[in-house]
Amino acid sequence: MASKLYVGNLAYSTSETDIRNFFSPSGSVVSVNLITDKFDGRPKGFGFVEMSTEVEAKKAVEELNGKQLGDRTITVQEARPQENRAPSGSRNYR
Numbered sequence: 001m002a003s004k005l006y007v008g009n010l011a012y013s014t015s016e017t018d019i020r021n022f023f024s025p026s027g028s029v030v031s032v033n034l035i036t037d038k039f040d041g042r043p044k045g046f047g048f049v050e051m052s053t054e055v056e057a058k059k060a061v062e063e064l065n066g067k068q069l070g071d072r073t074i075t076v077q078e079a080r081p082q083e084n085r086a087p088s089g090s091r092n093y094r
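Quick note: the sequence shown, position 61, residue 61 per my numbering, numbers continuous.
Take a look at the structure:
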C-alpha cells in the first residue's frame, strides 16, 4: 500500500487544517492537497493526504473510511496513480 490516500465526499468548506487534525491521530501527515477547479478555484469535494509511512496510511484507511468529518461521511482509500491525459482543449488530429 502506498502512503498517499484519496479522501472523498468532503464538504466544500473543509480546510487543510481540518484534514490534518482529522488524520493526525492515525500518524504523521506529510501533506494535504485539496483539489479545486482550475477556472474558478472552488473546491471539488475531494483531495489527497500523504502519510509518512505505509503502515500509517493503512491505519488511516482502517480507522477513518466511512467516518464523519463535519456533517459528511467521508471515503478514505489508497490513491490510484494519476492517469496520463491530454491537456484540456487539445484535439487529436491525424
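C-beta: ideal position from N, C-alpha, C; glycine also. Just so it is clear, the structure is predicted and the values come from calculations on it, not from any experiment.
Does the distance between the C-beta of residue i and the nearest non-hydrogen atom of the ligand SAH fall short of 7 Å?
i: ASN21; result: For the structure depicted, the ligand SAH is absent and the ligand set is empty, with no information on it obtainable.
Measure from the alpha carbon of residue i to the alpha carbon of each residue in the options, then state which is nearest.
i: PHE46; options: ASN33, VAL61, LYS38 and ASN21; result: ASN33
i: PHE22; options: VAL61, LYS38, PHE39 and GLU78; result: VAL61
i: ALA11; options: GLU83, GLN77, VAL76 and ASP71; result: ASP71
i: GLN77; options: PHE48, LEU69 and ILE19; result: PHE48
i: SER3; options: LEU69, ALA57 and PHE39; result: ALA57
i: VAL7; options: MET51, ARG42 and LYS38; result: MET51
i: ILE19; options: GLN68, GLU54 and GLY41; result: GLN68
Look up residue i in the DSSP assignment and give the residues it is bridged to.
i: GLN82; result: Note: GLN82 sits in no beta bridge, so no partner.
i: GLY8; result: PHE46 and THR75
i: SER100; result: An answer regarding residue 100 cannot be provided, because it is not within the stretch 1 to 94 covered by the chain.
Can you give me the start and stop residues for the alpha helix (DSSP H) that residue i sits inside?
i: ILE19; result: 16 to 23
Where does residue i fall in DSSP's three states?
i: SER26; result: helix
i: LEU64; result: helix
In chain order, each beta strand (DSSP E) run of at least 3 residues that lies wholly inside the region 35 to 60: Counting only runs of 3+ residues, the beta strand (DSSP E) found wholly inside the region 35 to 60 occupies 43 to 51, in chain order.
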